[in-house]
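In terms of this note's numbering, the sequence shown opens at residue -13 and continues consecutively. Ideal Cβ placement from N, Cα and C applies to all residues, glycine included. Working notes, structure below.
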Amino acid sequence: MARKLDASLASDLWFFRVAAEQRSMKQAASELALTQSAVTQRIHRLEERLAIKLFNRTNKGIHLTEAGAMLYADLSKGFDLIATALTNASNVAAYGRVTVNCVPSLALEWLAPRLSDFTEANPNITVTLLADMTMLDTTQMSMGGIDVAIRYAPTPPSRVQVIAEFQEWLYPVATREYIERYQANPEERITLIHDADPWTDSPSKVAEWIMWIEANGRPWGRRTRNTYFNMAYLAYQAASGGNGLAMGRHLLVNAYIRNGRMIALPGHEPMPGPRYFVLKRPAENRDDIDIFVAWLIEQMQGVAPPNKPSVY
């Protein structure tokens, strides 16, 4: 058995830990932002190097062998100790520098424009904003130096500290001209604009529109066609350019509505959608992080709930 720990073995052990937690190569690949075949190859390489069978594979998924379960239990303790050591070291070195990991469209449309207010009020705290959708746990946040994260999903992330959550509201948005055009031309087909990847592991690239149509029916009961983007930000840019109806998230599109670039689909009330979850990695004596978190929560709570659109 090869017992010498090197960079290759350490990385393969991390892949094993994620696969063992997820009980699925597909889910592990999603969390690691890699292909399923790449994860499978790394696990096979680890099994060959250790000369240990770590998983039993069936049509229903993967299951730890007795040796695999023992390795996972001990390995988890080791990675947790590493995460704690990194946290303790980074807390001393990184004071005054807060790293925030946020889903991309929220970072672009909502958080980034507000950061100047925070830095002006807190000149001794520097914020680094990273746009990312990868699922996180406490260990990954510690090892990645991520102090605060924001995720958008129907259910809270697991294995991480959720300190706040906020309900998002969904309603279709388009330019006034687009809506007037299709009200006047009942035979034309409506273009639905989709964020095809609204949250990690979303069941469909039309997930948000499906939620809306199941509750409210198709807009004007009309035939539709689809356009897809991989970010809500791009979907809103297309909609504000007169290219169709996008499914608006209130926190992101209320600025478009206030400045007149888009309006809500007439005659429908906003419906509750997924939520935003604010995540924080455990850290002692980091009041700079606490100051940012308090400001962030205040900002999110300060966004007025959506008004009920009047009939146009």
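Under a three-way DSSP split, which group does residue 183 fall into? For residue 183, the secondary structure class from DSSP, reduced to helix, strand or coil, is coil.
With which residues is residue 135 paired in a DSSP beta bridge? Per the DSSP secondary-structure output, residue 135 pairs in a beta bridge with 87, 265.
Is it buried or exposed for residue 208, if we count other Cβ within 10 angstroms and need 16 for buried? Per the 10 Å Cβ criterion, exposed.
Rounded C-beta distance between residue 263 and residue 84? I'm assuming under 8 Å. Residue 263 to residue 84, Cβ: 18 Å. No contact.
Nearest-angstrom beta carbon gap, residue 117 and residue 127 [assumed within contact, 8 Å]: Rounded to whole angstroms, the Cβ separation of residue 127 and residue 117 is 16 Å, and the two are not in contact under 8 Å.
Could you pull the start and end residues of the alpha helix (DSSP H) that residue 28 belongs to? Element bounds for residue 28: 22 to 36.
Distance, Cα to Cα, residue 244 vs residue 94? Going from the Cα of residue 244 to the Cα of residue 94 covers about 17 Å.
With the cut-off set at 9 Å, would you say residue 183 and residue 233 are in Cβ contact? No, Cβ-Cβ distance for residue 183 and residue 233 is not below 9 Å.
Less than 7 Å between C-beta atoms, sequence neighbours within five positions excluded: which residues of the same chain meet that for residue 3? Once the five neighbours on either side are set aside, the close Cβ partners of residue 3 are 58, 61, 62, 65.
For residue 295 and residue 186, I'd like the C-alpha separation in whole angstroms. Any reading at residue 295 must be qualified, since the residue scores a pLDDT of 42, below 50, and its modelled position is unreliable; the value itself is stated next. Cα to Cα, the separation comes out at about 30 Å.
Using the beta-carbon count (16 or more within 10 Å), is residue 297 buried or exposed? Because the pLDDT of residue 297 is 32, which lies under 50, any placement of that residue in the model is unreliable, and the number read from its coordinates should be weighed accordingly. The residue is exposed, with fewer than 16 neighbouring Cβ atoms inside 10 Å.
Rounded to whole angstroms, what is the Cα-Cα separation between residue 72 and residue 123? Answer to the nearest angstrom: the Cα atoms are 15 Å apart.
Using CA atoms only, rank isn't needed, just tell me which of 276, 230, 267, 282 is closest to residue 70. Nearest C-alpha to residue 70: 267.
Taking the beta strand (DSSP E) that residue 155 belongs to, which residues open and close that run? Per DSSP, the unbroken beta strand (DSSP E) holding residue 155 starts and ends at 148 to 160.
Endpoints, beta strand (DSSP E) assigned at residue 232: Per DSSP, residue 232 belongs to the beta strand (DSSP E) from 231 to 235.
So what's residue 290 in DSSP terms, helix, strand or just coil? Three-state DSSP puts residue 290 in coil, outside helix and strand.
Spatial distance of residue 224 from residue 91 (CA atoms): Going by the C-alpha atoms only, they are around 14 Å apart.
Sequence-distant residues of the same chain with beta carbon closer than 8 Å to residue 48, five excluded per side: Close CB contacts of residue 48 within its chain, under the 8 Å cut and outside five residues either way in sequence, are with 5, 9, 10, 11, 41, 42 (chain order).
Inside the region 233 to 260 only - alpha helix (DSSP H) runs reaching at least 4 residues: The region 233 to 260 contains these whole alpha helix (DSSP H) runs: 236 to 244.
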